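Trainee: Sending over a structure as structure tokens; questions will come in a sec.
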Amino acid sequence: MFRHWKILLLMLAITLVPMTVLGQDQPVTLRVVGFVVPPEEIGTPLDQAYQDFLATFQENNPNVTVEALETPPEFDTQLLTDLAAGTAPDVWQQDGSTLARLIDTGNVLDMRQCLDVVPELSLDRFYPSVLNIHMPEGEDGPIYGLPNDFTPMVIYYNPLSFENAGVEVPTPDWTWEDFLDISQRLTLDAEGRNATDPDFDPENIVQYGYRHRHYVFEWIYWVWQNGGDVIAPDGSTVDGYLNSPETIEAITFLRDLVLEHHVSPEPVSLEQMTQQAGFLPVFLEGDVAMFPRGHWELVGLRNQSNYEPERVAVISNPSNVEEATVIYESGWIINNAVAEDPAKLEAACRLVEAATDMDYQLTKGISGVAIPANQAAAEQIAEETEFPELEQAFLEAVAAGRPPYGARFAIWPIVEQRLDLMMENILAGGDIQEEVDLAVEEINRELERAGQSGS
Amino acid sequence: MVRSHNPFELPLKIIGYIILILVTFMMVIPFVWMVSTSLRPQSTAFTYPPQLIPTEITFASYELLFTRVPFGRYFINTLVVTVFTVLGQLVITSLAAYGFARLKFMGRDLLFVLYLATMMIPYQVTLIPLFLIVFGLGWINTYQGLIIPGISSVFGIFLLRQSFLGVPSDYQDAARIDGANEFTIYWRIFLPLNGPALATLAVFAFMGTWTDLLWPLLVARTPEMRTLELGLAYFNASATAFRQTNWPLVMAAAVVVMLPVLVIYFFAQRYFIQGIALSGVKS
Amino acid sequence: MATANRTQAGVDHYVPAKQSLWKRFWSRSNERVGYLFILPSLIHLIIFVIIPLVFSLYLSFTDWRGPNFQNAPFVGLDNYEFLLGDRRYWNAMRNTAWYTILSVPGGMIASLIVALVMNQKLRGVYIFRTLFFMPVISSWVAVSVIWITLLDPNAGILNYVLRQFGIPPVNWLGDPATAMPSIVLISIWKGLGFQMVIWLAGLQAIPQELHEAAAIDGATRLQSFLRITLPLLAPTTFFLAVTGVIGSFQVFSPVYVITQGGPRGSTEVVVYNIYQRAFEVFDMGYAAAQAWVLFGVIFLATLVQLWYRRRQGEEVLF
Chain P
0 MFRHWKILLL MLAITLVPMT VLGQDQPVTL RVVGFVVPPE EIGTPLDQAY
50 QDFLATFQEN NPNVTVEALE TPPEFDTQLL TDLAAGTAPD VWQQDGSTLA
100 RLIDTGNVLD MRQCLDVVPE LSLDRFYPSV LNIHMPEGED GPIYGLPNDF
150 TPMVIYYNPL SFENAGVEVP TPDWTWEDFL DISQRLTLDA EGRNATDPDF
200 DPENIVQYGY RHRHYVFEWI YWVWQNGGDV IAPDGSTVDG YLNSPETIEA
250 ITFLRDLVLE HHVSPEPVSL EQMTQQAGFL PVFLEGDVAM FPRGHWELVG
300 LRNQSNYEPE RVAVISNPSN VEEATVIYES GWIINNAVAE DPAKLEAACR
350 LVEAATDMDY QLTKGISGVA IPANQAAAEQ IAEETEFPEL EQAFLEAVAA
400 GRPPYGARFA IWPIVEQRLD LMMENILAGG DIQEEVDLAV EEINRELERA
450 GQSGS
Chain C
0 MVRSHNPFEL PLKIIGYIIL ILVTFMMVIP FVWMVSTSLR PQSTAFTYPP
50 QLIPTEITFA SYELLFTRVP FGRYFINTLV VTVFTVLGQL VITSLAAYGF
100 ARLKFMGRDL LFVLYLATMM IPYQVTLIPL FLIVFGLGWI NTYQGLIIPG
150 ISSVFGIFLL RQSFLGVPSD YQDAARIDGA NEFTIYWRIF LPLNGPALAT
200 LAVFAFMGTW TDLLWPLLVA RTPEMRTLEL GLAYFNASAT AFRQTNWPLV
250 MAAAVVVMLP VLVIYFFAQR YFIQGIALSG VKS
Chain V
0 MATANRTQAG VDHYVPAKQS LWKRFWSRSN ERVGYLFILP SLIHLIIFVI
50 IPLVFSLYLS FTDWRGPNFQ NAPFVGLDNY EFLLGDRRYW NAMRNTAWYT
100 ILSVPGGMIA SLIVALVMNQ KLRGVYIFRT LFFMPVISSW VAVSVIWITL
150 LDPNAGILNY VLRQFGIPPV NWLGDPATAM PSIVLISIWK GLGFQMVIWL
200 AGLQAIPQEL HEAAAIDGAT RLQSFLRITL PLLAPTTFFL AVTGVIGSFQ
250 VFSPVYVITQ GGPRGSTEVV VYNIYQRAFE VFDMGYAAAQ AWVLFGVIFL
300 ATLVQLWYRR RQGEEVLF
């Protein structure tokens, strides 16, 4: 009997030892970027929120030590060299607009592994359209990272400008036609005539209706609103997309805002209006009535000396064929290397779970830069804020939001630049068809090369 | 003194001063702008029309820098890295420059072209391999990792070589006949004769190391190893589209990094003046 | 072997070499010393420069897109083939050449004038020299903000000054025609102190006696400058021209912080292109190919300069 008991103990030990190694009690150190404020913000409420979060997490996970790293200047450069040397952090925040190139390197953990390890981490907490950014292969595919915070692109408008021009403020169901009409009536010359007036003087405009610039991040969703696109869903070509009738029509519409209807300042005039103090004071003064932007600009606007709450309002984009906007986002990424150590994997997953749960996500309201990816937190902040209708307008835009193409195609930064240049040339008076054809040709060369590499 | 008899002396001096003052304006106005921006409150960083002298002065940016940054530590790190880099560059590049300028050996010119050629590849594509080498040596987050990759420079070798070429070969030949070996000639004749060039190189090496950001960013991984420039760059590091850049702070940081270099440069200038070294050397 | 060499050392200088290359190599004391002198720099160069360079050359034949170097697929000349038809690259190359043509002579002439003035025995020259050195050590980020303000079409100081002379305002950084010249202007401004210091070192090496002798012979200042100063400055001129061209072809910082290649691609330069490939899309293989083609262009430009200098009768060079 006694002998058997000893053997039993031995067997128990043999099975238990690896279990303890695999289990929670193994001490783990996680290197994490995203919970340290820059030195000038030490002691601010945001700093406090980060510290509280880390303390609580530490308390709930006594075996885990979180080494919170500062966000270095030139983070991308450091990250790439670190990935090459194998010294990259375990968890970090990643801009959704550059996610695809990172996925391509094979360094991003498929979060489905976390779902198995940490059951509390439910995907229901996220806005589906935001979560979608991390799922390039669809519903059943891998989940590369999870959302942290985000913003849809919306239209900011200044009610003061509407008052000046005697125009009713728009309603969320507005169309392109409404948009053009409103923009024209908002655009006033020195004599007070608006752009629908036959005597309107485009040489002396004192108030513009809208700001259209060449940057594709501010206009790509106009193409979507018209039922077009700029690139094939599989990223293999832009032919048949960028030069499709729907897309050309959208580009023409945007160009005409500037060159035909004069409701948006030409690039040179815009630069002269804004170069000194930036665009925001000009907007708050009422000189440009509407412009496309994300949630972060609320912070920028509130920091202006001529800010007044009644000068800032937000509305979702007008639609033509369908409703659409783009969602810019920052997500949590777990380094694939973490998966080699089950204890570390679990710790990293727990950290991301804690960083996306209601308690922590509510602290996104402190800086107000972006909207929490946690749906319940976002709604609570929207209710409790000083300007609920502002926040509500953002939340209404979320459903029609699509992922930024930088989260889909690794080559996107190159494509984006070419599209910027294309619109810049068009706004400088270039022929639309010619510019588009040239862009199609050059971008397709790039896509063909990217396709050959199998990425 | 023959020069004082030159009738053009006075007008030339006046023209000289006029040029100096004009250039000074061009050089200094941007810098005044920098200092004045650093003294503004963030809310009035940019006013329209721009004011060279701010109406409202605050030292808040400097206060923030000096209270939030372990300046002593960063300063010492920067000093250690800079001093050793400068010394290393002076020794290694002057030796090589003497070899290339004054000694004949097989493949010398080919080798020199090879040296020059290495300057023609932008660092952006060699950064990662270089980092991997330093990583492989186990030098990440160490002083040697910050110093050793910078202790030689092709630019410096080229600079000194051109200067060494200007020394008349009589000196070298005379010393050889006297039985001096090459090292003695290098040490006793060429180094003293090329004071201005060595001083120039020292200044450039100093400046380049003092203000370098990219390499310390990759090598110095804990706050204790950071250099001044890197430490200051962490301010506003997360300035993205989502944040407003705090320009007064950026400018204040730039001023703080610059000042020590300027002071050293100011006092080191006398080493640029050759004096009578050339006529003083006779074998 | 060692003793044999030592006994020979005194005479082999005068013995016409009929030995094998290998023997001649070791028989000249002068030569071996030469290798000793360059050895420290050579070791450093090999470890920290040549190896990374060779590595990047290898990468240019691969399709490296991830941080893992081991499994980068070899693609032969694909990257170079693609590059031949890459319009953006060649546009950048043209812009870079334009930048070089404007900035190298411009910067050299401006800094030479300043250095000549500085070399006079003027009062307070120390202070001026220090002031002129300020842009050299200020950070590009700070410089860019300052210059964007100064070049502002409405409120900028430059346009204000021009307006006093009746010249209409120019949209310096916003107009494709003037953006690159503006970048050149800023680069010259920032590099002036740097080049001035090198010119000064060269000027200091010219014996004062030569000018005095020329003055006695009745030479004017201009003659003295053209006949004495300029020829004696030749090594410095050559140095600044060669390093200037090498540096200008790799211009990056001002474009990165001021214009990001715009407006309408007019300030896109090669290294900015390379940076974007390498660090924005992690396309290091193609970035390396771009860098090596740039290398070829710079190398050719340098060879032309070497050849020109040799034709002028400079025998110390190659």
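Chains as they are written, first to last, in numbering that gives the first Met the number 0: chain P, 0 to 454; chain C, 0 to 282; chain V, 0 to 317.
Glycine residues also receive a C-beta, built at the ideal position from the N, C-alpha and C atoms.
Just so it is clear, the structure is predicted and the values come from calculations on it, not from any experiment.
#1: Specify whether the segment 83-98 of chain V and the segment 217-224 of chain V touch according to this definition: at least 3 beta carbon pairs, one from each stretch, less than 8 Å apart.
#2: Could you tell me which chain P residues have their CB closer than 9 Å to the CB of residue 220 of chain V, listed as they occur along the chain?
#3: Would you check if the distance between the CB atom of residue 286 of chain P and the CB atom of residue 156 of chain P is smaller than 8 Å?
#4: On the criterion of 16 or more Cβ atoms from any shown chain inside 10 Å, does residue 14 of chain C qualify as buried, or is it exposed?
#5: Would you give the residue range spanned by the alpha helix (DSSP H) that residue 180 of chain V belongs to?
#6: Which residues in the same chain as residue 84 of chain C place their Cβ atom closer than 7 Å to its Cβ, once the five residues preceding and following it in sequence are excluded?
#7: In or out: residue 424 of chain P buried (at least 16 other Cβ within 10 Å) or exposed?
#8: Sort C:108, C:19, C:40 by Cα distance to residue 52 of chain C and report the nearest one.
#9: At 9 Å on the CB atoms, spell out the chain C contacts of residue 77 of chain P, in chain order.
#10: Just reading off the beta strand (DSSP E) that residue 94 of chain P is part of, what are its end residues?
#11: Here's the rule I'm using: 16 or more other beta-carbon atoms within 10 Å means buried, otherwise exposed. How should residue 127 of chain V be labelled?
#12: Pick helix, strand or coil for residue 157 of chain C, following the three-state DSSP scheme.
#13: Across the segment 148-168 of chain P and the segment 276-293 of chain P, are there enough close Cβ pairs to call them in contact, namely three or more that are closer than 8 Å?
#14: Can you tell me which residues form a DSSP beta bridge with residue 289 of chain P?
#15: Do residue 162 of chain C and residue 196 of chain C have their beta-carbon atoms positioned less than 8 Å apart in this structure?
#16: I'd like the list of long-range same chain contacts for residue 37 of chain C, defined as Cβ closer than 6 Å, with 5 residues on each side in sequence excluded.
#17: Report the three-state DSSP secondary structure of residue 26 of chain P (helix, strand or coil).
#18: With C-beta atoms as the reference, is residue 55 of chain V less than 8 Å away from residue 290 of chain V?
#19: Specify the secondary structure class of residue 481 of chain P as computed by DSSP and reduced to three states.
#20: Where does residue 263 of chain V sit, in a helix, a strand or coil, going by DSSP?
#21: Three or more C-beta pairs closer than 8 Å, one from the segment 29-41 of chain P and one from the segment 59-66 of chain P: is that the case here?
#22: Please tell me whether residue 31 of chain C has its Cβ less than 8 Å away from any Cβ of chain P.
#23: Does the beta carbon of residue 165 of chain C sit closer than 8 Å to a beta carbon anywhere in chain V?
#24: Starting from residue 75 of chain P, trace the alpha helix (DSSP H) in both directions and tell me its first and last residue.
#25: Roughly how many angstroms lie between the CA atoms of residue 2 of chain V and residue 31 of chain V, to the nearest whole one?
#26: Just verifying my parser: in three-state terms, what is the DSSP assignment at residue 193 of chain C?
#27: Check for me: the beta strand (DSSP E) holding residue 332 of chain P runs from which residue to which?
#28: What did DSSP end up calling residue 437 of chain P once you bin it into helix, strand or coil?
#29: Ignoring anything shorter than 3 residues, give me the beta strand (DSSP E) runs that lie fully in the segment 50-79 of chain V, in order along the chain.
#30: Kindly indicate if chain C contains any beta-carbon less than 8 Å away from that of residue 33 of chain V.
#31: Is the beta carbon of residue 102 of chain V closer than 8 Å to that of residue 181 of chain V?
#32: Alpha carbon to alpha carbon, how far is residue 346 of chain P from residue 36 of chain P?
#33: Short of 9 Å Cβ to Cβ, which residues in the segment 240-254 of chain V face chain C?
#34: Determine the DSSP secondary structure at residue 240 of chain C, reduced to helix, strand or coil.
#35: Would you say residue 170 of chain V faces chain P, with C-beta separation under 8 Å as the test?
#36: Bridge partners of residue 220 of chain P, per DSSP?
Mentor: This is what the structure gives:
#1: no
#2: Those do not exist, as residue 220 of chain V stays about 45 Å from chain P at its closest Cβ, beyond 9 Å.
#3: no
#4: exposed
#5: 175-203
#6: Cβ neighbours of residue 84 of chain C within its own chain (closer than 7 Å, five residues either side excluded): 146, 149, 150, 204, 208.
#7: buried
#8: C:40
#9: The contact set of residue 77 of chain P on chain C, defined by CB atoms closer than 9 Å, consists of 216, 217 in chain order.
#10: 90-94
#11: buried
#12: Helix at residue 157 of chain C.
#13: Flag = yes, the segment 148-168 of chain P and the segment 276-293 of chain P touch.
#14: P:156, P:209
#15: yes
#16: 60, 247, 250, 251, 254
#17: coil
#18: yes
#19: Residue numbering for chain P in the displayed model covers 0 to 454; residue 481 of chain P lies beyond these limits and cannot be assessed.
#20: In this structure, residue 263 of chain V counts as coil in the three-state DSSP scheme.
#21: Because the criterion of three Cβ pairs below 8 Å is met, the segment 29-41 of chain P and the segment 59-66 of chain P touch.
#22: no
#23: yes
#24: 74-84
#25: Unreliable positioning characterises residue 2 of chain V in this predicted model, as indicated by a pLDDT of 37, which lies under 50. The coordinate reading is nonetheless provided below. Approximately 16 Å, taken between the alpha carbons.
#26: Residue 193 of chain C falls in the coil class under three-state DSSP.
#27: 324-333
#28: helix
#29: none
#30: For residue 33 of chain V, the answer is yes, since a Cβ of chain C falls inside 8 Å of its Cβ.
#31: no
#32: 22 Å
#33: 241, 242, 245, 246, 248, 249, 251
#34: Confidence at residue 240 of chain C is low in this model, with a pLDDT of 47, below 50, so the placement of that residue is unreliable and no value is reported for it.
#35: Chain P contact via Cβ: present.
#36: Answer is none; residue 220 of chain P lacks a bridge partner.
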